[in-house]
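In the working numbering, the protein residues as written are 15 to 970.
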Amino acid sequence: MESLFIEKRRFQIEVTTVNEQFTSSSINPKRKRKRKTKKKRKKLKEFISIDCGSTSNYTDPRTGLQWISDNGIMNYGKSVEVKNPDGKFVQYQRRRDFSIDNKKYCYNLSTKERRRYIVRATFQYGSLENEDSFPKFELYLDATKWSTVTILEDSRVYVKEMIIRAPSSSIDVCICCATTGSPFISTVELRPLNLSMYATDFEDSFFLKLAARVNFGAPTEDALRYPDDPYDRIWDSDLIKRQNFLVGVAPGTVRINTSENIDIQTREYPPVKVMQTAVVGKEGTLSYRLNLEDFPANARAYAYFAEIEDLGANETRKFKLMMNPYMSDYSNAVVNIAENANGSYRLYEPSYMNVSLDFVLSFSFVKTRDSTQGPLLNAIEISKYLKIGSKTDDQDVAVLDVFRSMSTRSSWTNEGGDPCVPAQWEWVNCSSTTPPRITKIELSGKKLEGEIPPEINSMEELTELWLDGNFLTGSLPDISHLVNLKVVHLENNKLSGSLPKYLGSLPTLRELYIQNNSFSGQIPPALLTGKVIINYENNPGLHKDAAKKLHYKLILGTSISVLAVLLVLLLGSLIYLRNLQRKTSHQKSNGQGSSLLTSTKPSTAYSIGRGWHLVDDGVSYYISFSELEEATNNFSKKIGKGSFGTVYYGQMKDGKEVAVKIMADSSSHLTHQFVTEVALLSRIHHRNLVPLIGFCEEGHQRILVYEYMHNGTLRDHIHGSDNQKRLDWLTRLQIAEDAAKGLEYLHTGCNPSIIHRDVKTSNILLDINMRAKVSDFGLSRQAEDDLTHISSVARGTVGYLDPEYYANQQLTEKSDVYSFGVVLLELISGKKPVSTEDFGAEMNIVHWARALIRKGDVASIVDNVLIENAKIESIWRIAEVAIQCVQQRAVSRPRMQEVILAIQEASKIEKGSDGNQKIYGSGSSRGQSSRKTLLTSFLEIESPDLSNGCLVPAAR
Numbered sequence: 015m016e017s018l019f020i021e022k023r024r025f026q027i028e029v030t031t032v033n034e035q036f037t038s039s040s041i042n043p044k045r046k047r048k049r050k051t052k053k054k055r056k057k058l059k060e061f062i063s064i065d066c067g068s069t070s071n072y073t074d075p076r077t078g079l080q081w082i083s084d085n086g087i088m089n090y091g092k093s094v095e096v097k098n099p100d101g102k103f104v105q106y107q108r109r110r111d112f113s114i115d116n117k118k119y120c121y122n123l124s125t126k127e128r129r130r131y132i133v134r135a136t137f138q139y140g141s142l143e144n145e146d147s148f149p150k151f152e153l154y155l156d157a158t159k160w161s162t163v164t165i166l167e168d169s170r171v172y173v174k175e176m177i178i179r180a181p182s183s184s185i186d187v188c189i190c191c192a193t194t195g196s197p198f199i200s201t202v203e204l205r206p207l208n209l210s211m212y213a214t215d216f217e218d219s220f221f222l223k224l225a226a227r228v229n230f231g232a233p234t235e236d237a238l239r240y241p242d243d244p245y246d247r248i249w250d251s252d253l254i255k256r257q258n259f260l261v262g263v264a265p266g267t268v269r270i271n272t273s274e275n276i277d278i279q280t281r282e283y284p285p286v287k288v289m290q291t292a293v294v295g296k297e298g299t300l301s302y303r304l305n306l307e308d309f310p311a312n313a314r315a316y317a318y319f320a321e322i323e324d325l326g327a328n329e330t331r332k333f334k335l336m337m338n339p340y341m342s343d344y345s346n347a348v349v350n351i352a353e354n355a356n357g358s359y360r361l362y363e364p365s366y367m368n369v370s371l372d373f374v375l376s377f378s379f380v381k382t383r384d385s386t387q388g389p390l391l392n393a394i395e396i397s398k399y400l401k402i403g404s405k406t407d408d409q410d411v412a413v414l415d416v417f418r419s420m421s422t423r424s425s426w427t428n429e430g431g432d433p434c435v436p437a438q439w440e441w442v443n444c445s446s447t448t449p450p451r452i453t454k455i456e457l458s459g460k461k462l463e464g465e466i467p468p469e470i471n472s473m474e475e476l477t478e479l480w481l482d483g484n485f486l487t488g489s490l491p492d493i494s495h496l497v498n499l500k501v502v503h504l505e506n507n508k509l510s511g512s513l514p515k516y517l518g519s520l521p522t523l524r525e526l527y528i529q530n531n532s533f534s535g536q537i538p539p540a541l542l543t544g545k546v547i548i549n550y551e552n553n554p555g556l557h558k559d560a561a562k563k564l565h566y567k568l569i570l571g572t573s574i575s576v577l578a579v580l581l582v583l584l585l586g587s588l589i590y591l592r593n594l595q596r597k598t599s600h601q602k603s604n605g606q607g608s609s610l611l612t613s614t615k616p617s618t619a620y621s622i623g624r625g626w627h628l629v630d631d632g633v634s635y636y637i638s639f640s641e642l643e644e645a646t647n648n649f650s651k652k653i654g655k656g657s658f659g660t661v662y663y664g665q666m667k668d669g670k671e672v673a674v675k676i677m678a679d680s681s682s683h684l685t686h687q688f689v690t691e692v693a694l695l696s697r698i699h700h701r702n703l704v705p706l707i708g709f710c711e712e713g714h715q716r717i718l719v720y721e722y723m724h725n726g727t728l729r730d731h732i733h734g735s736d737n738q739k740r741l742d743w744l745t746r747l748q749i750a751e752d753a754a755k756g757l758e759y760l761h762t763g764c765n766p767s768i769i770h771r772d773v774k775t776s777n778i779l780l781d782i783n784m785r786a787k788v789s790d791f792g793l794s795r796q797a798e799d800d801l802t803h804i805s806s807v808a809r810g811t812v813g814y815l816d817p818e819y820y821a822n823q824q825l826t827e828k829s830d831v832y833s834f835g836v837v838l839l840e841l842i843s844g845k846k847p848v849s850t851e852d853f854g855a856e857m858n859i860v861h862w863a864r865a866l867i868r869k870g871d872v873a874s875i876v877d878n879v880l881i882e883n884a885k886i887e888s889i890w891r892i893a894e895v896a897i898q899c900v901q902q903r904a905v906s907r908p909r910m911q912e913v914i915l916a917i918q919e920a921s922k923i924e925k926g927s928d929g930n931q932k933i934y935g936s937g938s939s940r941g942q943s944s945r946k947t948l949l950t951s952f953l954e955i956e957s958p959d960l961s962n963g964c965l966v967p968a969a970r
């Protein structure tokens with residue numbers, strides 16, 4: 015007998031049997047109904063449903079769920095009316111908006127420790143106001159990063175759901191860390207589960223983050239939830255019109271349903287209504303493709319099968335599950351619903367408790383040769399294993415709670431969530447260890463009353479304690495275990511008693527302020543050696559013996575130290591001047607044709623910040639005009655021409671091939687470009703920037719000499735007429751990564767940072783190995799460390815120019831990011847940035863590509879050269895980050911580091927073994943397959959580290 019029972023070392027299928035206590039025929043039907051109604055009411059009372067931003071409590075007429083307002087629950091943010099809300103649901107008419115700051119805002123939900131729950135947060139933003147951008151922010155459950163919430167559609171309700179085993183008597187749902195827009199939330203929901211529902215072997219270390227829960231054969235696009243599902247799970251319809259939600263439907267797929275009752279008494283108790291519908295592959299195959307957010311990752315997956323057609327005596331339904339390549343272990347497993355469920359209209363529920371899934375889940379059910387009926391599927395459920403984050407050390411939290419109880423009248427005591435993760439409370443600092451520890455408590459002037467809690471002695475990582483300006487009484491508690499304590503502020507309180515002797519032996523203590531208290535007794539001598547700065551004024555009962563002598567010693571020691579430092583500085587200056595003199599003499603004695611740029615050329619002795627002459631960097635080589643004439647054979651071989659001037663091929667005496675660029679005229683604009691290029695390239699060096707070999711400045715001639723790039727510009731290869739030169743997708747990705755790394759170096763590796771200002775395909779050159787280097791720094795500008803932007807007249811190239819920079823004349827690094835986004839769109843499409851032939855007079859590549867990508871139609875923008883030769887998901891990765899780069903507002907664009915990560919991820923996908931995910935022409939239905947929407951959290955991909963044994967399945 016073939017079955018789906020398979021055990022592998024890393025994978026496992028589990029089938030649960032019917033619980034006999036639910037199928038006993040001895041229970042009276044009326045008693046059953048009463049018991050069911052009673053359980054339903056009890057379960058409904060245990061539900062927590064918070065309508066964030068609502069002004070009153072109410073009962074939802076569609077579901078019967080009772081919703082409560084968060085007034086009094088959440089003390090921060092403001093209630094905002096949603097424009098164009100989802101009209102079907104009352105809870106999306108308002109939302110709660112929070113400030114854009116470094117704080118977190120948390121809803122605390124009561125739980126029963128070790129009980130399993132569904133925790134759900136939903137978000138509907140509505141229409142944008144004015145020129146605001148859609149929000150993007152982080153969602154946390156306790157200290158675990160749950161999701162990055164990225165709003166891209168005003169009318170869509172974004173649902174984030176997790177299944178947890180409660181770690182304590184309460185949990186916190188927190189939002190924070192907005193990168194664009196104001197963080198907000200629409201609803202917070204908590205749903206208890208029964209018995210061992212959704213239990214896994216890994217729940218001590220991992221939550222289950224829902225990736226997909228799909229009802230196949232659903233009659234409408236509406237999701238199914240409570241009261242049809244007594245646990246209020248949300249089952250999405252397979253008809254839903256969300257981009258790339260479910261695609262790749264096999265021919266012959268039909269929808270069936272039944273009104274017959276289905277026995278669903280298995281482990282997960284899916285709702286009867288979900289099991290009463292299904293899809294069937296009449297031609298022998300069922301196949302779908304589904305995008306899974308935040309994958310690749312390890313997952314728990316369930317399939318739900320119930321035979322809802324009356325098969326004849328000689329009819330059978332047997333089929334195999336095909337999930338190539340990552341679940342090839344199951345390819346020979348045979349599903350026989352009637353046999354495994356012990357008959358029709360009964361549920362069969364195989365589970366894959368730990369399986370590695372990619373971002374794109376492609377699965378097929380294919381009937382076996384001895385089957386008369388095609389495969390059937392009622393529902394699926396897939397959840398990602400999400401590593402539980404470490405919360406702040408329990409002992410530290412207990413002390414902080416005591417401090418909060420000492421000032422109940424203050425707003426600072428209301429900060430919720432974990433003290434350290436994801437954002438620190440305003441009055442603490444935390445370590446980066448696991449678990450986090452408190453390193454600083456800052457409660458100056460916070461109206462604290464009572465005694466300093468003795469439990470503070472357990473906070474071994476504490477380095478600073480600020481409790482000054484309060485109403486603290488009693489003596490100083492034992493803090494002898496605080497071996498890392500450096501700074502203590504207890505001044506301006508009502509503390510009394512003596513100072514313990516161990517204070518002088520705390521190894522790291524450097525500052526102790528206890529003035530204006532009522533301490534008494536003798537100051538421990540070890541505190542008066544000068545190692546600790548101590549202020550003990552206005553403590554009438556405190557002895558100050560020998561303090562004066564030690565004070566003089568401290569002054570003497572400080573004076574000697576200052577004199578020593580001055581002596582070292584004087585000696586260092588003398589040595590530096592001597593070396594500089596030797597270096598100048600050596601340069602003057604250099605009689606070769608090529609000499610370093612030095613002060614021997616007066617016209618180049620000024621800083622670029624003061625004029626249009628070159629800096630005296632002593633790095634770039636000065637090359638004479640006669641040498642360049644000889645190298646270029648009197649400038650006979652022209653290889654390029656631009657706004658700056660003409661470029662010639664040359665070969666130096668040592669055999670080095672060079673590109674010689676002669677400035678067209680001596681206008682102030684071009685002279686400035688010349689000076690800028692030499693000044694910048696003289697001090698920056700990176701393998702993805704074209705090296706400047708030297709320059710020439712004789713009479714009216716201004717010439718730049720670069721390393722020769724054998725394969726020309728990227729523009730030549732994308733838009734050139736020679737199809738043989740057109741690049742494959744993997745080569746384009748490598749070029750994009752090289753260019754991005756060059757720009758990233760300019761933005762973050764240079765101090766001050768450099769903004770290129772003219773990023774385009776013709777300024778990306780390719781060497782003999784087709785590796786890319788960024789060139790042409792004539793328009794580049796240096797940023798200033800204390801400014802967020804540079805006020806500058808907008809310069810650049812039409813089609814690549816950042817519209818925000820053009821509008822407000824404020825240049826930032828994100829202007830380069832915009833231009834690079836246009837380059838990425840060129841790499842995908844093979845089209846020029848501006849083309850009336852391709853886009854019409856009113857359009858450009860950004861408008862054209864954005865419109866198609868937002869529809870989910872990436873295939874229509876792909877270069878014909880790439881069709882059938884590139885993977886759809888790899889293209890999507892670049893399409894997404896390109897659209898992010900060309901966002902209207904700079905704040906919404908990624909940094910170059912994030913762009914590099916996306917390109918590297920696309921390269922990994924393209925190099926992978928899945929050869930079935932190719933781009934097809936726009937005439938093919940497969941060509942319209944796409945991701946569910948733009949810009950999901952593809953830069954935050956996480957996967958449990960199996961190599962460290964953090965997720966090893968146990969046999970069941």
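Glycine included, each C-beta is placed from N, C-alpha and C at the ideal position.
A quick note: this is a predicted structure, and the numbers were derived from the prediction, not measured.
Checklist entry - Between the Cα of arginine 247 and the Cα atoms of Tyr759, Ala237, Gly854, which residue gives the shortest distance? => result As a working note, residue 247 is residue 233 in the sequence shown. Ranked by Cα distance from arginine 247, the options Tyr759, Ala237, Gly854 are led by Ala237.
Checklist entry - Does DSSP put arginine 134 in a helix, in a strand, or in coil? => result Indexing the sequence shown from 1 puts residue 134 at position 120. Of the three classes helix, strand and coil, the one that applies to arginine 134 here is strand, per DSSP.
Item to check | Spatial distance of glutamate 671 from glycine 664 (CA atoms) | outcome: Residue mapping note: residue 671 aligns to position 657 of the sequence shown, counting from 1. Residue mapping note: residue 664 aligns to position 650 of the sequence shown, counting from 1. Looking at the backbone, the Cα of glutamate 671 and that of glycine 664 are separated by about 6 Å.
Checklist entry - CB-CB under 6 Å to arginine 729, same chain, minus the five flanking residues each way: which ones, in chain order? => result Stepping through the sequence shown from its first residue, residue 729 is reached at position 715. Residues of the same chain with a CB within less than 6 Å of the CB of arginine 729, apart from the 5 flanking positions on each side, are Thr775, Ser776 in chain order.
Checklist entry - Between alanine 437 and asparagine 392, which are expected to be in contact by the criterion C-beta below 8 Å, what is the C-beta distance as a whole number of angstroms? => result Residue numbering aside, residue 437 sits at position 423 when the sequence shown is read from its first letter. Residue numbering aside, residue 392 sits at position 378 when the sequence shown is read from its first letter. Not quite, the Cβ-Cβ distance comes to about 43 Å (not below 8 Å), so this is no contact.
Next on the checklist: Please give the ranges of any beta strand (DSSP E) in the region 341-374, keeping only runs that are unbroken, at least 3 residues long and fully inside the region.
Outcome noted: Taking only runs of at least 3 residues, the beta strand (DSSP E) segments lying wholly in the region 341-374 are 348-350, 364-371.
Checklist entry - Is there contact between the region 225-234 and the region 200-212, where contact requires at least three CB pairs shorter than 8 Å? => result In this structure the region 225-234 does not touch the region 200-212; the number of beta carbon pairs closer than 8 Å is below three.
Item to check | Residues of its chain near threonine 382, where Cβ-Cβ distance is below 7 Å and the 5 sequence neighbours each way are ignored | outcome: If you number the sequence shown from 1, residue 382 lands on position 368. Around threonine 382: Lys332, Phe333, Lys334, Val348.
Checklist entry - Roughly how many whole angstroms lie between the Cα atoms of threonine 447 and methionine 420? => result Numbered from 1 along the sequence shown, position 433 holds the residue referred to as residue 447. Numbered from 1 along the sequence shown, position 406 holds the residue referred to as residue 420. About 28 Å.
Checklist entry - Which same chain residues, not among the five before or five after isoleucine 470, have their C-beta less than 7 Å away from its C-beta? => result Start at 1 with the first residue of the sequence shown, and residue 470 comes out as number 456. Closer than 7 Å at Cβ, skipping near neighbours: Val413, Pro491, Ile493.
Next on the checklist: For threonine 280 and glycine 357, I'd like the C-alpha separation in whole angstroms.
Outcome noted: The sequence position of residue 280 within the sequence shown is 266, counting from 1. The sequence position of residue 357 within the sequence shown is 343, counting from 1. Whole-angstrom Cα-Cα distance: 14 Å.
Item to check | Bridge partners - arginine 109, DSSP secondary structure assignment | outcome: Against the sequence shown, residue 109 aligns to sequence position 95. In the DSSP assignment, arginine 109 is bridged to Val94.
Checklist entry - Taking lysine 787 as the reference, which of Gln536, Pro514, Glu818, His724 has the closest Cα? => result Position 773 of the sequence shown holds residue 787. Cα-wise, what sits closest to lysine 787 is His724.
Checklist entry - How would you call glycine 917, buried or exposed, if buried means at least 16 neighbouring beta carbons within 10 angstroms? => result In the sequence shown, the residue the question calls residue 917 occupies position 903. The sequence as given places isoleucine at residue 917; glycine does not occur at that position. Burial call: buried.
Item to check | Nonlocal neighbours in the same chain, by C-beta distance under 6 Å from proline 285, ignoring five residues either side | outcome: On the sequence shown, residue 285 is found 271 positions in, with the first residue counted as 1. So the list reads Asp242, Asp243, once near-sequence residues are dropped.
Item to check | Inter-residue Cα distance where the pair is threonine 330 and threonine 386 | outcome: Stepping through the sequence shown from its first residue, residue 330 is reached at position 316. Stepping through the sequence shown from its first residue, residue 386 is reached at position 372. The alpha-carbon atoms of threonine 330 and threonine 386 are separated by roughly 5 Å.
Item to check | DSSP three-state assignment for threonine 69, whether helix, strand or coil | outcome: As a first step, residue 69 is located in the sequence shown; it is residue number 55 there, counting from the start. Note: threonine 69 maps to coil in three-state DSSP.
Next on the checklist: In the DSSP output, which residue or residues are listed as bridge partners for glutamate 478?
Outcome noted: To locate residue 478, count along the sequence shown from 1; it is residue 464. In the DSSP output, where bridge partners are listed per residue, glutamate 478 has Lys454, Val501.
Checklist entry - Taking the alpha-carbon positions, what's the arginine 179 to threonine 543 distance? => result Stepping through the sequence shown from its first residue, residue 179 is reached at position 165. Stepping through the sequence shown from its first residue, residue 543 is reached at position 529. Straight across, the Cα-Cα distance linking arginine 179 with threonine 543 is about 55 Å.
Next on the checklist: Assess contact between the region 826-833 and the region 757-775, defined as three or more Cβ pairs (one per stretch) separated by less than 8 Å. Is contact present?
Outcome noted: With the cut-off at 8 Å, the region 826-833 and the region 757-775 touch.
Item to check | Cut-off 6 Å between Cβ atoms - residues of its own chain near valine 29, not counting five sequence neighbours on either side | outcome: In the sequence shown, residue 29 corresponds to position 15, counting from 1. At valine 29, the pLDDT of 33 sits below 50, so the modelled position is not reliable; the number obtained from the coordinates is stated separately. Once the five neighbours on either side are set aside, the close Cβ partners of valine 29 are Pro364.
Item to check | Which listed residue (Val261, Asn368, Leu325, Gly262) has its alpha carbon closest to that of asparagine 312 | outcome: Taking the first residue of the sequence shown as 1, we reach residue 312 at position 298. When each option's Cα is compared against that of asparagine 312, the closest is Asn368.
Item to check | Which listed residue (Leu153, Ile276, Tyr139) has its alpha carbon closest to that of glutamine 105 | outcome: Here the question's residue 105 lines up with position 91 in the sequence shown. Looking at the Cα atoms, Tyr139 is the closest of the given residues.
Checklist entry - According to DSSP, is valine 413 helix, strand or coil? => result For the purposes of this step, residue 413 is taken as residue 399 along the sequence shown, with counting starting at 1. In the structure shown, valine 413 sits in a helix (DSSP, three-state: H, G or I).
Next on the checklist: One question on the structure: do leucine 457 and leucine 476 come within less than 8 Å of each other, judged by their Cβ atoms?
Outcome noted: Here the question's residue 457 lines up with position 443 in the sequence shown. Here the question's residue 476 lines up with position 462 in the sequence shown. Contact: no.
Item to check | Bridge-paired residues (DSSP) for glutamate 463 | outcome: For this step, residue 463 is matched to residue 449 along the sequence shown. Glutamate 463 is bridged to Phe485.
Checklist entry - At what residues does the beta strand (DSSP E) containing asparagine 822 begin and finish? => result Looking up residue 822 in the sequence shown gives position 808. Taken as a continuous stretch (DSSP letters only), asparagine 822 belongs to no beta strand (DSSP E), being part of the alpha helix (DSSP H) at 817-822.
Checklist entry - Taking 8 Å as the CB-CB cut-off, is valine 104 touching chain C? => result The chain labelled as chain C is not found in the depicted structure, where only one protein chain is given.
Next on the checklist: Let me make sure I understand the geometry here. Which of Met336, Ser510, Asn328 has the alpha-carbon closest to that of glycine 298?
Outcome noted: Counted from its first residue, the sequence shown places residue 298 at position 284. It is Met336.
Checklist entry - Would you say serine 124 and arginine 108 are within 8 Å of each other, going by their C-beta atoms? => result Taking the first residue of the sequence shown as 1, we reach residue 124 at position 110. Taking the first residue of the sequence shown as 1, we reach residue 108 at position 94. Contact annotation: serine 124 and arginine 108 have beta-carbon atoms that are not nearer than 8 Å.
Next on the checklist: In chain order, what are the residue ranges of uninterrupted alpha helix (DSSP H) at least 4 long that sit wholly in the region 298-342?
Outcome noted: Whole alpha helix (DSSP H) segments, 4+ residues: zero.
Checklist entry - When the distance is taken between beta carbons, is phenylalanine 151 closer than 8 Å to isoleucine 177? => result In the sequence shown, residue 177 corresponds to position 163, counting from 1. In the sequence shown, residue 151 corresponds to position 137, counting from 1. No Cβ-Cβ contact shorter than 8 Å links isoleucine 177 with phenylalanine 151.
Checklist entry - Does the count of Cβ pairs from the region 910-924 and the region 393-407 closer than 8 Å reach three? => result No: fewer than three Cβ pairs fall under 8 Å.
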